[in-house]
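Colleague: Input: one structure, supplied below.
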Amino acid sequence: MRSIMVLNSKGGSGKSTIATSIASYYASQGKRVVLADCDPQASSLEWLAVRPSGRSSIIGVDGASGNLRIPRSADYVVYDTPAAVHGKELSAFLRRAQSIIIPVLPSPIDMRAATPFIQKVLDNSRVARKEARVALIANRCRENYNIYHQLDTYLRKVRKAPFISVLRETQNYVRAAERGLGIFELAPYSVRRDLDQWDPIIRWLASKRSQPAN
Ligand SMILES: Nc1ncnc2c1ncn2[C@@H]1O[C@H](COP(=O)(O)OP(=O)(O)OP(=O)(O)O)[C@@H](O)[C@H]1O
Ligand SMILES: [Mg+2]
Numbered sequence: 121m122r123s124i125m126v127l128n129s130k131g132g133s134g135k136s137t138i139a140t141s142i143a144s145y146y147a148s149q150g151k152r153v154v155l156a157d158c159d160p161q162a163s164s165l166e167w168l169a170v171r172p173s174g175r176s177s178i179i180g181v182d183g184a185s186g187n188l189r190i191p192r193s194a195d196y197v198v199y200d201t202p203a204a205v206h207g208k209e210l211s212a213f214l215r216r217a218q219s220i221i222i223p224v225l226p227s228p229i230d231m232r233a234a235t236p237f238i239q240k241v242l243d244n245s246r247v248a249r250k251e252a253r254v255a256l257i258a259n260r261c262r263e264n265y266n267i268y269h270q271l272d273t274y275l276r277k278v279r280k281a282p283f284i285s286v287l288r289e290t291q292n293y294v295r296a297a298e299r300g301l302g303i304f305e306l307a308p309y310s311v312r313r314d315l316d317q318w319d320p321i322i323r324w325l326a327s328k329r330s331q332p333a334n
């Protein structure tokens with residue numbers, strides 16, 4: 121079973137948007153997918169509740185109540201996590217995942233806030249031993265924003281984690297979310313650029329680089 125977790129202690133960085141997108145991607149590929157929502161806000165479970173019945177099914181699991189049981193038959197488990205995760209709770213989350221995606225908003229304040237968090241994740245013993253692999257994504261990037269200069273400076277500080285993609289700011293994510301869909305399930309002509317941006321993420325998840333080293 122592949123386990124993928126979307127994590128950032130900063131609220132509103134796109135964890136639920138990215139977790140639901142990944143879950144619906146694998147479901148639409150015919151995989152058995154569990155979406156484990158570990159956030160008491162339950163955004164991912166609410167997304168699942170409005171998902172049209174005709175769409176490929178995803179099993180929702182409430183991971184916020186403390187008794188997290190993942191059905192063994194799953195091919196993929198995707199974890200959505202709450203904001204403000206630190207200390208022992210962070211270590212407990214990191215024990216569950218093979219692949220950890222950290223979405224970061226490309227603003228100086230958000231990048232600064234994310235830096236010590238990313239460092240803590242990288243210092244975790246499982247991550248240091250490459251039993252869990254980490255990648256960063258910049259999310260909600262505006263086209264006219266000089267993101268690359270800022271990201272470049274930032275990523276030099278956290279260079280042990282690969283930076284795999286930039287997702288643009290678009291209402292496509294908002295529209296998909298309100299309908300219980302993923303970005304991969306919208307009309308292809310409207311999301312072509314978004315799918316191009318997802319391509320390196322899907323490739324990373326399919327590669328050994330995102331999986332335990334031994
Ligand atoms: N690339 C994007 N373009 C436009 N809107 C986005 C994008 N990514 C996320 N959003 C919107 O930003 C808001 C926050 O996203 P989301 O809920 O996924 O973040 P989160 O990290 O799960 O937040 P929380 O910490 O509260 O759980 C939502 O309204 C979502 O629709
Ligand atoms: Mg969320």
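Taking my numbering, I'd label the letters of the sequence shown as residues 121 to 334. Heads up, the beta-carbon is just placed ideally off N, CA and C, and yes, glycines get one too.
Below 8 Å CB to CB, which residues in the same chain sit around Pro332 once its five sequence neighbours on both sides are set aside?
Modeller: Only Gln218, Lys250, Glu251, Ala252, Arg253 meet the Cβ criterion.
Colleague: Is the separation between the beta-carbon of Ala255 and that of Val224 shorter than 8 Å?
Modeller: No, they are not a contact pair.
Colleague: Where does Ser219 fall in DSSP's three states?
Modeller: In this structure, Ser219 counts as strand in the three-state DSSP scheme.
Colleague: Where does Met121 fall in DSSP's three states?
Modeller: The answer is coil: DSSP assigns Met121 none of H, G, I, E or B.
Colleague: By a C-beta neighbour count over all protein chains shown, 10 Å radius and 16 as the cutoff for buried, is Ile229 buried or exposed?
Modeller: Label assigned to Ile229: exposed.
Colleague: Let me know if Lys336 comes out buried or exposed under the rule of 16 or more other beta-carbons within 10 Å of its beta-carbon.
Modeller: Nothing can be reported for residue 336, as the shown portion of the chain is limited to 121 through 334.
Colleague: Does DSSP classify Gly207 as helix, strand or coil?
Modeller: Here Gly207 sits in helix by DSSP.
Colleague: Thinking Leu306 and Ala297 are a contact (beta carbons under 8 Å), I'd like their distance in whole angstroms, please.
Modeller: Going by Cβ atoms, the distance from Leu306 to Ala297 rounds to 11 Å, so no, they are not a contact pair.
Colleague: So, with DSSP's three-state summary, where would you put Arg246?
Modeller: Looking at Arg246 - three-state DSSP - the assignment turns out to be helix.
Colleague: Can you say whether Pro226 is buried or exposed, counting buried as having 16 or more other CB atoms within 10 angstroms of its CB?
Modeller: Buried.
Colleague: In or out: Asn334 buried (at least 16 other Cβ within 10 Å) or exposed?
Modeller: With fewer than 16 Cβ atoms within 10 Å of its Cβ, Asn334 is classed as exposed.
Colleague: Since Asp200 is in the beta strand (DSSP E), which residue starts that stretch and which ends it?
Modeller: Asp200 -> beta strand (DSSP E) spans 196–200.
Colleague: In whole angstroms, give me the CA-to-CA distance for Leu214 and Arg175.
Modeller: Rounded to the nearest angstrom, the two C-alpha atoms are 30 Å apart.
Colleague: Within the chosen definition, does the region 123–132 reach the region 196–213 through at least 3 CB pairs nearer than 8 Å?
Modeller: Judged by Cβ distances under 8 Å, the region 123–132 makes contact with the region 196–213, as three or more pairs qualify.
Colleague: Between Asp200, Ser285, Lys240, Val247, which has its C-alpha nearest Ile321's C-alpha?
Modeller: Residue Ser285 is the option with its Cα nearest to Ile321.
Colleague: For ligand 4, I want to know if Gly131 counts as a neighbour, meaning its beta carbon is within less than 7 Å of at least one of the ligand's heavy atoms.
Modeller: Questions concerning ligand 4 fall outside what the structure shown contains, since the ligands it does hold are ligand 1 and ligand 2.
Colleague: I'd like to confirm something about Leu287: is its beta-carbon nearer than 7 Å to some heavy atom of ligand 1, or not?
Modeller: Yes; taking the cut-off as 7 Å, the Cβ of Leu287 has a heavy atom of ligand 1 nearer than that.
Colleague: With DSSP collapsed to three states, give me the class of Asp337.
Modeller: No answer is possible for residue 337: the residues shown for the chain start at 121 and end at 334.
Colleague: Distance check for Leu301 and Leu315, CA to CA, integer angstroms please.
Modeller: Answer to the nearest angstrom: the Cα atoms are 14 Å apart.
Colleague: Can you tell which of Leu168, Arg260, Thr201, Trp324 has the C-alpha that lies nearest to the C-alpha of Asp159?
Modeller: Closest by alpha carbon: Thr201.
Colleague: What residue from Trp167, Lys208, Gly207 has the CA that sits closest to Ala143's CA?
Modeller: Checking every option, the nearest Cα to that of Ala143 belongs to Trp167.
Colleague: I need the boundaries of the beta strand (DSSP E) containing Ile179, first residue and last residue.
Modeller: It spans 179–182 - the beta strand (DSSP E) in which Ile179 sits, taken as one unbroken run.
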